[in-house]
Structure formats: C-alpha cells, structure tokens
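Residue numbers (the working numbering), protein chains in the order written: chain W, 5 to 470; chain U, 5 to 470.
There are 2 protein chains.
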Amino acid sequence: MPAHLLAVPLLVLVSLTARGLESPPTDLEEARRLLERATTEGTAYDHVASLTTEVGPRPAGSAGDKAAVAWAERRLRSLGIKEVRLQPVQVPHWVRGTIETRVTSPFPQPLVAAALGGSIGTPEEGVEAEVVAFPTLEALREASRDQVEGRIVYIGQRARRDATWAGYGEAVAKRVAGPSVASGLGARALLIRSVGTSRSRLPHTGTLSYSVNAPKIPAAALANPDADLLERMLASGQAVTVFLKMTSRDLPYETSANVIAELPGSDLAEEIVLIGAHLDSWDLGTGAIDDGAGVAIVMEVAARLAALGRPLRRTLRVVLFASEEYTLAGATAYSRLPADELDRHVLAMEADAGAGAAVRLQSLLPEAGLGFADTVAELLRPLGIERGGNAAGGGPDIRPLVARGIPVLTLEQDVSAYLDAHHSPDDNLDKVDRVTLERVTAAYLATVYLALQAEGEFGRMPERGP
Amino acid sequence: MPAHLLAVPLLVLVSLTARGLESPPTDLEEARRLLERATTEGTAYDHVASLTTEVGPRPAGSAGDKAAVAWAERRLRSLGIKEVRLQPVQVPHWVRGTIETRVTSPFPQPLVAAALGGSIGTPEEGVEAEVVAFPTLEALREASRDQVEGRIVYIGQRARRDATWAGYGEAVAKRVAGPSVASGLGARALLIRSVGTSRSRLPHTGTLSYSVNAPKIPAAALANPDADLLERMLASGQAVTVFLKMTSRDLPYETSANVIAELPGSDLAEEIVLIGAHLDSWDLGTGAIDDGAGVAIVMEVAARLAALGRPLRRTLRVVLFASEEYTLAGATAYSRLPADELDRHVLAMEADAGAGAAVRLQSLLPEAGLGFADTVAELLRPLGIERGGNAAGGGPDIRPLVARGIPVLTLEQDVSAYLDAHHSPDDNLDKVDRVTLERVTAAYLATVYLALQAEGEFGRMPERGP
Numbered sequence: 005m006p007a008h009l010l011a012v013p014l015l016v017l018v019s020l021t022a023r024g025l026e027s028p029p030t031d032l033e034e035a036r037r038l039l040e041r042a043t044t045e046g047t048a049y050d051h052v053a054s055l056t057t058e059v060g061p062r063p064a065g066s067a068g069d070k071a072a073v074a075w076a077e078r079r080l081r082s083l084g085i086k087e088v089r090l091q092p093v094q095v096p097h098w099v100r101g102t103i104e105t106r107v108t109s110p111f112p113q114p115l116v117a118a119a120l121g122g123s124i125g126t127p128e129e130g131v132e133a134e135v136v137a138f139p140t141l142e143a144l145r146e147a148s149r150d151q152v153e154g155r156i157v158y159i160g161q162r163a164r165r166d167a168t169w170a171g172y173g174e175a176v177a178k179r180v181a182g183p184s185v186a187s188g189l190g191a192r193a194l195l196i197r198s199v200g201t202s203r204s205r206l207p208h209t210g211t212l213s214y215s216v217n218a219p220k221i222p223a224a225a226l227a228n229p230d231a232d233l234l235e236r237m238l239a240s241g242q243a244v245t246v247f248l249k250m251t252s253r254d255l256p257y258e259t260s261a262n263v264i265a266e267l268p269g270s271d272l273a274e275e276i277v278l279i280g281a282h283l284d285s286w287d288l289g290t291g292a293i294d295d296g297a298g299v300a301i302v303m304e305v306a307a308r309l310a311a312l313g314r315p316l317r318r319t320l321r322v323v324l325f326a327s328e329e330y331t332l333a334g335a336t337a338y339s340r341l342p343a344d345e346l347d348r349h350v351l352a353m354e355a356d357a358g359a360g361a362a363v364r365l366q367s368l369l370p371e372a373g374l375g376f377a378d379t380v381a382e383l384l385r386p387l388g389i390e391r392g393g394n395a396a397g398g399g400p401d402i403r404p405l406v407a408r409g410i411p412v413l414t415l416e417q418d419v420s421a422y423l424d425a426h427h428s429p430d431d432n433l434d435k436v437d438r439v440t441l442e443r444v445t446a447a448y449l450a451t452v453y454l455a456l457q458a459e460g461e462f463g464r465m466p467e468r469g470p
Numbered sequence: 005m006p007a008h009l010l011a012v013p014l015l016v017l018v019s020l021t022a023r024g025l026e027s028p029p030t031d032l033e034e035a036r037r038l039l040e041r042a043t044t045e046g047t048a049y050d051h052v053a054s055l056t057t058e059v060g061p062r063p064a065g066s067a068g069d070k071a072a073v074a075w076a077e078r079r080l081r082s083l084g085i086k087e088v089r090l091q092p093v094q095v096p097h098w099v100r101g102t103i104e105t106r107v108t109s110p111f112p113q114p115l116v117a118a119a120l121g122g123s124i125g126t127p128e129e130g131v132e133a134e135v136v137a138f139p140t141l142e143a144l145r146e147a148s149r150d151q152v153e154g155r156i157v158y159i160g161q162r163a164r165r166d167a168t169w170a171g172y173g174e175a176v177a178k179r180v181a182g183p184s185v186a187s188g189l190g191a192r193a194l195l196i197r198s199v200g201t202s203r204s205r206l207p208h209t210g211t212l213s214y215s216v217n218a219p220k221i222p223a224a225a226l227a228n229p230d231a232d233l234l235e236r237m238l239a240s241g242q243a244v245t246v247f248l249k250m251t252s253r254d255l256p257y258e259t260s261a262n263v264i265a266e267l268p269g270s271d272l273a274e275e276i277v278l279i280g281a282h283l284d285s286w287d288l289g290t291g292a293i294d295d296g297a298g299v300a301i302v303m304e305v306a307a308r309l310a311a312l313g314r315p316l317r318r319t320l321r322v323v324l325f326a327s328e329e330y331t332l333a334g335a336t337a338y339s340r341l342p343a344d345e346l347d348r349h350v351l352a353m354e355a356d357a358g359a360g361a362a363v364r365l366q367s368l369l370p371e372a373g374l375g376f377a378d379t380v381a382e383l384l385r386p387l388g389i390e391r392g393g394n395a396a397g398g399g400p401d402i403r404p405l406v407a408r409g410i411p412v413l414t415l416e417q418d419v420s421a422y423l424d425a426h427h428s429p430d431d432n433l434d435k436v437d438r439v440t441l442e443r444v445t446a447a448y449l450a451t452v453y454l455a456l457q458a459e460g461e462f463g464r465m466p467e468r469g470p
C-alpha cells in the first residue's frame with residue numbers, strides 16, 4: 005500500500021439516502037454458519053501458498069506479472085467461479101537492475117541497499133559523494149542548498165512499530181517525496197533508512213514519486229543494520245563518503261490485466277459489491293503478505309459463496325488489480341470503466357493489509373447504513389473484531405470508487421508485524437499464519453454475504469474528488 | 005566455529021599432577037571486586053562496536069582482514085597493553101564472487117543462496133539440472149549413484165534451535181562433508197538448507213571440506229524461506245530443475261597475522277594463561293557475534309587487568325587468531341611456535357560462542373584442579389553460571405593446545421539465538437546486547453584473574469593428539 009493514499013478522508017456523515025439497510029434473521033444465521041465453517045475449513049492459505057510457490061515475485065510488467073494473471077484466471081475457474089475476465093491494463097515496467105553501495109571513507113565497507121521503486125539509475129561510473137544526514141524529511145525541507153548541494157542525502161527516520169498504519173504513515177513520506185526534495189536542493193542521490201521495522205540485513209523497497217519540479221536523482225533504501233552502521237560512522241564526526249551505483253531503469257510499458265471474477269446476483273443483480281486485492285508484488289520477496297494474503301482472502305470468499313450453489317441477491321465482483329505497487333495503473337484503468345458500470349457499485353472492500361488478525365470494522369457509509377455496519381460488527385465480535393468509526397479510507401485500489409461516493413467497509417487488521425517483511429525479500433509464505441488468515445477470511449466472508457443479501461439501499465457518500 | 009571441532013573429547017580424568025590449585029581469600033576478594041565493576045562499567049561492547057563499524061567484514065586474505073589486524077594492534081595499545089606483536093600467518097584467500105540461483109522448471113523464480121566457504125565456482129555457463137532431495141546427509145550417503153548422477157543434490161536437514169551447540173552439531177555435517185559425498189555419487193552441485201535458525205531470506209555460509217577422494221563440485225546454502233519454497237515445489241511431485249552459476253574461487257595466499265598481546269607475570273611469569281578469540285569473520289555480515297564478541301571479551305579482560313597497574317603472578321597472553329573460519333590457518337601457525345613456548349601454557353580459554361549469556365563453567369583439568377574450577381564457579385554463581393563437568397572441548401583455535409594436554413576452562417554461553425545470525429548477513433552489532441556482553445566479559449575477567457593468581461600447579465591432561 006503506497007503511503008500517499010493513507011490519509012484519512014474528511015468525515016462526512018451526512019446521509020444521502022433515507023432508507024437504511026437490514027439483515028433478516030435467516031441471513032444472519034447463514035452468515036454465522038459461513039463464518040464458523042470458514043474459520044475451521046478455510047483454504048485461503050492454500051491460495052497464497054500456491055501463488056508464492058508457483059508464481060513468486062510479480063512486479064508490474066515482468067514475466068511474473070503475466071504468470072500471475074494466468075494463475076489467477078486458472079485458479080478462480082478451478083474454484084468454481086464461471087465468470088472470469090481480464091481487463092487489459094497498460095503497466096509500467098521498471099526494472100531494479102543491480103546495486104552497489106559502499107562506504108569509501110573513513111571506514112570502507114559495503115552497505116546493503118535496494119533501489120526505491122521507480123528510481124533512475126546512477127551514471128555508469130556511479131556517484132561518490134559525502135553524506136549529509138537529516139533525521140526527517142521535514143528537517144531536509146528546512147535545509148539550505150549549501151548543506152545539500154553535490155552531496156548524497158541520508159534520511160534516518162525510523163518506521164515505528166504500530167498495530168495501525170500510523171507507524172507507516174509517519175515514515176513513508178521520506179521515501180515518496182524525499183528524492184525530489186533532496187534533488188531540489190542539489191543532492192546527487194538519496195539514501196533512506198528502510199521504511200521497515202525488522203533488524204534483518206534486508207532492505208525495504210517501495211515506490212518513490214518524482215516531482216516534475218526537480219531533476220530525477222537515484223534513490224535507495226538501506227537495510228536497518230546498514231542504516232545503523234552509517235549512523236555510527238556519522239557519529240564519529242568524520243566526513244563519510246559513499247559510493248552508489250545502480251542500473252535501475254524504466255522499460256517500455258507492458259500489457260497486464262485486472263482479473264475480474266463475478267458471481268451474478270438475483271433480484272438485485274445490477275448492484276455490485278466489489279472486493280479487491282492487488283495481484284502484483286514487489287520483486288524482492290514473493291509477495292505473501294503484500295498482497296498474496298489479500299488475493300487469497302478475496303478468492304476464498306468468492307469460492308465459498310460460489311459453493312453455496314445459488315445466486316445471492318447482489319452481484320459479487322472480485323477484482324485483482326494490476327500494478328498497485330507502482331503507479332496504481334490497474335486502479336486507474338478500472339476507474340475508466342463506463343460511468344454506468346461504476347455507478348452500479350454499491351459497496352467496495354479492499355484486502356491489502358497483510359495476514360494479521362482482523363481487529364476492527366471501519367465503515368464509510370451514509371448514516372442510514374450505520375446500523376448495518378453495527379450488525380455486521382456484532383456478528384464478528386467472537387473473532388475479536390470491534391466496531392470502529394465511520395472513517396474508513398478504503399485501500400489504494402478502490403480510492404477512485406471512494407472518490408465517486410461509493411460506500412466502503414474495511415476490516416482493519418493488526419499490522420504490527422507487517423513492516424518487518426513489507427516490500428523486502430522477507431515477504432514470503434512463512435510470514436503467513438494459516439489459522440489467522442482463515443479467521444480474517446471468515447470475517448470478510450460473513451461481511452460480504454450480509455452485504456450481498458441486505459434489505460434496502462447502501463446509498464452514496466458525497467463525492468470527494470480524487 | 006566450524007563443526008568438526010565440536011566433538012566432545014574423550015573424558016580422561018586422571019590427574020598427572022598431585023598438587024592442586026588454590027585461591028587465597030584476598031584473591032577471591034579482588035576477583036569479586038573485578039567482577040562487580042566489569043558488569044557495571046565494562047566497555048566490551050565498545051570494542052565490538054568499533055570493530056564492526058571501523059572494519060566490518062574481514063574474511064581471511066581480504067583488505068578487511070588486514071584492516072582488522074591493524075585495528076586490533078592499535079586498539080590493544082590504546083587500552084594500555086604495551087606488549088603487542090604480530091605472528092605472521094599465511095592465510096588462504098577465497099572470494100565469494102557472484103551467485104545466481106533460480107528454479108527454471110516447473111515454476112521459474114529466483115532463489116536466494118550463498119556459496120559455501122571454499123566452494124569452487126560453476127563452469128562459466130552455469131549448471132542446470134534436476135534436483136534430487138535428501139532429508140539428511142545420512143540419507144544421501146545411502147543413495148545409489150543412479151539417483152544422484154548428473155543432478156543437483158539438495159539436503160534439507162534443519163538446524164535445531166538449542167541453548168547448547170547440539171543444534172549446530174547435528175546439522176552442520178551436511179555443509180562440511182555434503183559436497184564430497186554428493187560428488188562421490190556423481191552430483192553436479194550441492195544445495196543445502198542453511199545451517200541457521202532464522203526465517204530471514206538470508207543465507208548462512210560457512211566452510212565446506214572437500215575430500216581428496218571426490219571431484220570438487222560447487223556448493224551453496226539456500227536461505228530458509230528459499231529452502232521452504234524449493235521443498236514446496238518438490239512436494240508437487242513434478243521434476244524441479246535449478247540453474248546455478250557461481251564465480252567463487254581461491255586466490256593466492258595472503259599474509260595475515262595472529263595478534264598477540266601480553267601482560268607479563270611476576271613470580272610465575274614463565275607460565276602462560278592464554279585467552280583467545282578469532283579476528284577474522286565471514287564476509288556476508290560484519291562479524292559481530294562471530295567473533296567480534298569474543299574479540300571484545302578478551303580485549304576487555306586484558307585492558308581491565310592492565311589497569312590494575314601491577315603485574316599478576318602468571319603471564320596473560322591474548323591471541324586474536326587469523327583465519328579461523330577457513331582452514332584454521334592462525335591456530336595452525338600458533339601450534340608451530342617452539343615447543344618450549346607452547347609448553348609454558350598452563351591454561352587456555354577461547355571466546356567464540358557469540359554474545360549470549362554465560363551459563364556454565366566447563367573444565368578440562370587434572371583432578372587436582374577440579375576444586376579450583378569449583379571455586380571459580382561458586383564465584384560466578386550470582387551471574388547465573390553453573391558448574392558444568394570436566395569435559396570442556398575448548399574452541400577450534402585452542403584445539404592444538406588441548407591436544408598437547410594443556411588444561412582448559414570454557415564459559416559456555418546460551419547459543420539459542422546464535423544460529424539466527426551466524427555466518428549470515430545478519431551478523432551485525434544489533435545482535436549484541438550490551439548488558440549481557442559485559443556480564444559474560446566480567447565472568448571471563450574473574451576467571452582469568454583467579455587463574456593468573458592461583459597457588460599451585462595446573463598440571464597437564466594426557467596428550468590426545470590432533
């Protein structure tokens with residue numbers, strides 16, 4: 005999940021529809037049964053095991069990306085979902101290339117780093133310059149050109165471990181905006197401490213966003229132990245010089261796809277409940293928690309509802325978005341579907357928060373729908389899930405839908421371990437706990453079931469613009 | 005610490021001297037005072053911080069190796085130790101080069117692996133072959149040539165987490181002997197699951213030992229998550245093909261050194277109490293726990309005894325051995341000192357067990373000395389250290405001294421976290437806990453002090469041959 009999409013939306017609690025939503029007792033009973041069975045018999049873990057084993061890394065535009073699309077289509081069909089189609093998406097194709105990072109003075113030794121996603125490479129001969137360090141992006145913003153020009157900027161801010169996204173939100177701006185802020189002051193390159201909480205000697209990548217107002221410079225993240233090392237050298241008071249050579253670059257766009265699967269509804273078939281996740285991953289790991297877990301959750305929900313063998317009232321649409329990690333190309337393509345199709349969406353949910361336990365049901369619903377959210381939360385309480393507020397941000401891929409006023413439910417997960425592996429080579433299947441993942445999936449399943457069956461109208465939130 | 009040296013020696017408890025060892029009450033009092041002050045005011049952590057920051061990786065024959073020797077000599081002098089000299093050691097100079105490991109069929113994706121220390125490289129075009137898997141080295145030994153010939157052998161045995169060396173001892177034979185056992189059956193290359201307990205996507209290197217009876221083949225260790233991945237692919241029942249390309253090779257020998265520091269004794273100056281550690285490290289990390297911690301411990305002991313400002317009875321000799329990790333060249337060179345100099349050693353201790361808490365005092369002493377070891381253990385009890393048996397193996401570097409019958413004391417440490425980072429890129433300063441390291445050092449300090457001052461003779465164990 006890229007950071008600039010984490011901002012909590014302005015709270016607008018004004019209902020645009022007077023009619024509320026209700027769940028008949030028989031539906032509540034069925035939802036409870038689905039919940040119970042999915043917690044004990046769920047197979048979401050098998051989907052993420054299959055994806056990480058049979059596909060592995062799948063950054064936008066890569067061979068893995070294409071393999072993932074084929075895998076998803078095949079697997080959805082094998083799960084009994086008949087309507088599966090591909091929406092073609094032109095995706096950027098950035099390649100990491102190689103990286104060499106080392107301190108050349110006063111204490112020569114190698115550093116472990118990874119290019120930030122989207123970074124340009126260095127000149128062929130590399131860049132060697134003195135390091136100037138800043139504790140935060142804000143401190144860099146306040147620096148003078150004299151301090152920075154001709155140097156390699158280092159930003160040391162740590163990602164704070166937190167059960168919510170707050171820890172990520174605080175630290176990630178240095179990654180997204182840091183390169184252009186540094187470049188605007190004349191820096192030759194940017195190094196950041198990884199936006200990650202582990203002590204492994206593994207760097208955490210993630211997208212940067214170059215501003216059009218500053219030249220592009222190469223940017224990379226140091227593994228936490230290497231950031232420690234660099235900081236100890238800087239603390240010696242001596243000038244520290246670093247050499248950086250990267251061959252990262254953008255290749256021509258490739259065609260990927262949003263994978264779209266549907267379970268058509270019955271009397272309210274025109275109304276679409278969307279559950280999304282993203283199929284792409286960064287290249288360093290195998291994308292188990294980001295976002296194999298989300299893919300597994302939404303696939304399993306669809307499979308279990310398909311297995312009921314009867315249409316539910318509304319249409320369930322599963323979307324596995326392309327290229328979330330780099331430019332959100334899949335979400336953008338989806339938002340360009342015909343307006344009348346988009347307007348048929350009545351609710352959107354996105355699973356892109358890893359494999360930690362679900363802890364809270366946040367909504368973004370018109371006032372008349374709040375009682376429905378309360379009902380769902382009450383049903384989920386035995387799983388340790390509380391009712392949150394009405395300020396759900398949605399995920400990055402459904403942001404364009406949120407901007408149109410489409411209501412959202414979010415099952416917030418405990419992300420306190422997420423940043424240990426997020427965007428790093430450590431994002432692998434061993435970071436997924438089977439029991440926990442099946443419980444999260446069960447919570448999604450019950451929620452989606454009730455949304456598909458609810459009496460009444462979801463209504464709309466006021467449009468908020470992108 | 006290489007594995008083939010972990011074997012517990014045959015217990016020979018026959019005393020070769022009738023006179024025992026005793027510690028006068030004033031010495032016990034001084035030892036207690038030293039212990040107390042070192043736990044609260046110790047600076048061992050600063051030595052390992054300095055070594056990892058200012059030198060970093062220092063495999064035998066590398067520029068880091070030479071920098072480490074210069075660092076050690078400089079630092080020992082700065083700690084007030086006047087007698088510091090270098091014993092030149094011809095060391096092997098193996099270089100890792102690059103590695104590319106990937107599954108090519110049925111599910112193409114990269115694998116993270118590291119060449120085993122001493123491995124040859126592959127042919128320039130790499131090796132591509134079907135993988136044949138064995139759970140243990142023993143299972144491979146029982147395989148037929150038909151099963152193995154022309155294939156890449158994989159051995160999956162896991163290192164078991166254990167507070168003693170047992171977990172390492174069980175698993176490491178596959179690394180040391182595996183390549184030649186596989187080659188003897190016609191294998192083209194060997195892959196092993198890393199001998200390490202962490203789930204990081206980081207491989208654990210370590211020396212192999214080629215037999216003269218089989219052709220050399222390239223050998224590498226997979227990171228644990230990659231071993232999991234390969235095993236999941238193998239479990240699919242399909243043939244799994246792997247491509248491996250490595251440029252590892254031996255370069256000509258280089259001159260390194262054992263760094264030897266002494267605090268001359270007084271009335272028993274001819275008797276040498278040796279405390280050793282090894283200065284070299286593997287190249288992937290910065291050698292904080294293996295063996296920066298040991299280097300720090302023995303340096304700190306020497307510094308604190310030097311700070312007493314008066315000679316103690318026996319001579320303390322600190323030896324920082326060269327090239328422990330690869331061929332034990334430093335230990336071998338040391339064992340070739342003149343016999344009369346070696347015979348002056350009355351006790352040897354080696355610190356090469358990381359930075360975990362000291363938990364047990366093992367001895368290898370003639371019977372008449374056992375009371376002395378009991379006295380030392382009693383003094384150390386407040387630190388949570390128990391008296392072990394009389395079966396100390398010593399460490400790899402003092403093994404030649406042990407073979408000569410020179411008595412040993414070993415402060416066994418809790419190594420339950422050691423294999424998380426051992427020989428991997430994760431062996432960095434963040435794995436060292438300052439308080440724990442100072443306590444281990446204090447235990448060494450009190451033990452060494454009492455050994456230097458004890459009344460009586462240490463005697464000799466029966467010679468055991470190398």
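Note that beta-carbon positions come from the ideal geometry of N, C-alpha and C, so glycine has one too. No experiment lies behind these values; they were computed from the predicted model shown.
_Please list, in chain order, the chain U residues whose beta carbon lies closer than 7 Å to that of serine 204 (chain W)._
Ser204, Leu206 and Asp430
*Nearest-angstrom Cα distance between serine 202 (chain W) and proline 429 (chain W)?*
12 Å
*Mark threonine 30 (chain U) as exposed unless 16 or more other C-beta atoms lie within 10 angstroms of its C-beta, in which case mark it buried.*
exposed
*Please specify which runs of the beta strand (DSSP E), each continuous and at least 3 residues long, are wholly inside the segment 345-384 of chain U, giving them in chain order.*
Taking only runs of at least 3 residues, the beta strand (DSSP E) segments lying wholly in the segment 345-384 of chain U are 349-354 and 362-368.
_Out of U:Tyr330, U:Val152 and U:Val302, which one is the CA nearest neighbour of alanine 446 (chain U)?_
U:Val302
_Any contact between the segment 305-318 of chain W and the segment 387-399 of chain W? By contact I mean 3 or more CB pairs, one from each, below 8 Å._
no
_Does threonine 105 (chain W) pass the burial test, meaning 16 or more other C-beta atoms within 10 Å, or should it be called exposed?_
buried
_Amino acids of chain W, ordered along the chain, whose beta-carbon sits closer than 9 Å to that of methionine 237 (chain U)_ = Thr57 and Glu58
*Helix, strand or coil: which one does DSSP assign to glycine 460 (chain U)?*
strand
*asked:* Quick test of your reading: glutamate 354 (chain U) and arginine 318 (chain U), contact by CB under 8 Å. State the CB separation rounded to the nearest angstrom.
replied: That pair is no contact at about 18 Å.
*asked:* Against chain W, does glutamate 258 (chain U) count as a neighbour if the rule is that its beta carbon must be under 8 Å from one of theirs?
replied: no
*First and last residue of the alpha helix (DSSP H) that includes tyrosine 330 (chain U)?*
Taken as a continuous stretch (DSSP letters only), tyrosine 330 (chain U) belongs to no alpha helix (DSSP H), as it is neither H nor E.
*Could you please give me the residues that DSSP links to asparagine 217 (chain U) through a beta bridge?*
Paired residue(s): none; asparagine 217 (chain U) is not in a bridge.
_I need the boundaries of the alpha helix (DSSP H) containing proline 229 (chain W), first residue and last residue._
Residues 228-239.
*Between U:Arg149, U:Ala450, U:Val419 and U:Ser270, which lies nearest to arginine 308 (chain U) when the distance is taken from Cα to Cα?*
U:Ala450
_What does the Cβ neighbour count give for proline 110 (chain U), buried or exposed, with the cut at 16 atoms within 10 Å?_
exposed
_For tryptophan 98 (chain U), three-class secondary structure by DSSP_ = Secondary structure of tryptophan 98 (chain U) (DSSP, three-state): strand.
*Who are the near neighbours of glycine 375 (chain W) in its chain, counting only those whose CB is closer than 8 Å to its CB and skipping five residues on each side?*
Gly24, Leu25 and Glu26
*Fully enclosed by the segment 399-444 of chain W, which alpha helix (DSSP H) runs are 4 residues long or longer?*
403-407 and 422-425
_Is there a C-beta anywhere in chain U that falls below 8 Å from the one on glutamine 161 (chain W)?_
no
_Tell me the DSSP secondary structure of asparagine 283 (chain U) in three-state form._
The sequence shown places leucine at residue 283 (chain U), not asparagine. It is coil, neither helix nor strand.
*asked:* Strictly under 8 Å for the Cβ-Cβ distance: is aspartate 434 (chain W) near chain U by that measure?
replied: yes
*Of all the residues that make up the segment 209-235 of chain U, which are near chain W by a beta-carbon distance shorter than 9 Å?*
Within the segment 209-235 of chain U, the residues whose Cβ lies closer than 9 Å to some Cβ of chain W are Ala227, Asn228, Pro229, Asp230, Asp232 and Leu233, listed in chain order.
_Interfacial residues, the segment 298-331 of chain U to chain W, with Cβ spacing under 8 Å_ = none
*Where do the ends of the alpha helix (DSSP H) carrying proline 29 (chain W) lie?*
Element bounds for proline 29 (chain W): 29-45.
*Where does the unbroken alpha helix (DSSP H) through serine 54 (chain U) begin, and where does it stop?*
48-58
_Quick check on proline 13 (chain U) - is its C-beta less than 8 Å from some C-beta in chain W?_
Residue placement at proline 13 (chain U) is poorly supported in this model, since its pLDDT is 44, which falls under 50; the coordinates still yield a value, given next. Output row for proline 13 (chain U): interface = no.
*So which of W:His349, W:Gly397, W:Glu77 and W:Arg340 has the shortest CA-CA distance to leucine 368 (chain W)?*
Residue nearest to leucine 368 (chain W) within the set W:His349, W:Gly397, W:Glu77 and W:Arg340 is W:Gly397 (criterion: CA-CA distance).
_Close Cβ partners of alanine 273 (chain U) (< 6 Å) along its chain, the five nearest in sequence each way excluded_ = Thr319
*Inspect the CB distances between the segment 65-85 of chain W and the segment 190-199 of chain W and report whether three or more fall short of 8 Å.*
Output reads no: the segment 190-199 of chain W does not touch the segment 65-85 of chain W.
*Around the Cβ of serine 270 (chain W), are there at least 16 other Cβ atoms within 10 angstroms (buried) or fewer (exposed)?*
exposed
*valine 116 (chain W) touches chain U at which residues, Cβ-Cβ below 8 Å?*
Neighbours of valine 116 (chain W) in chain U, taken as residues whose beta carbon is under 8 Å from its own, are Pro429 in chain order.
_Beta-carbon within less than 6 Å of leucine 10 (chain W)'s beta-carbon, same chain only, minus the 5 sequence neighbours each way: which residues are those?_
The pLDDT assigned to leucine 10 (chain W) is 46, lower than 50, so where the model puts this residue is not dependable, and the model offers no usable value.
*If you compare alpha carbons, which of W:Leu405, W:Tyr330 and W:Asp401 is closest to proline 342 (chain W)?*
W:Leu405
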